[in-house]
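Note sheet for the following structure.
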Amino acid sequence: GSRFFILLKDLSRLDHMYQFSLSSFIGLFKKALDRGTRKEGSAAAELLRLLGDQLKVLVLNYVSRSLFKKDRLTFGLHIVRGLHADLFLDNDADWSLFQGVTLPAAAA
């Protein structure tokens, strides 16, 4: 949950309109806890995974409604990189390419 909140706070760098308060995030967090039900015989790790997935859905729905169209792809990449950094082969090079900081090497 904390990693998700930090990613949301970073969105304010993209546009000052994207400022999400801690109290609104805590409200979403509580809603995820309320919706999470423990099934008979399920392990604690499974419950944590389900609660994490529920929180992701709630936060993504909440934030997506307030995004400008031009920022949707940037938001998606920001969340994927923040939550699944292992999906980027070479974190710095791939991310710099997405940001337009570096150019791909020309084929020889």
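Going left to right, the sequence shown walks through residues 1 to 108 as the UniProt record's numbering numbers them. Just so it is clear, CB atoms sit at the ideal spot from N, CA and C, and this is done for glycine as well. Quick caveat: nothing in here was measured; it's all calculated off a predicted structure.
Asked: Sub-7 Å separation of L11 and Y18 beta-carbons; Found: yes
Asked: Closest by C-alpha distance to K9, when choosing among L47, V59, L73, A45; Found: V59
Asked: Beta carbon of F75 nearer than 7 Å to that of L87; Found: no
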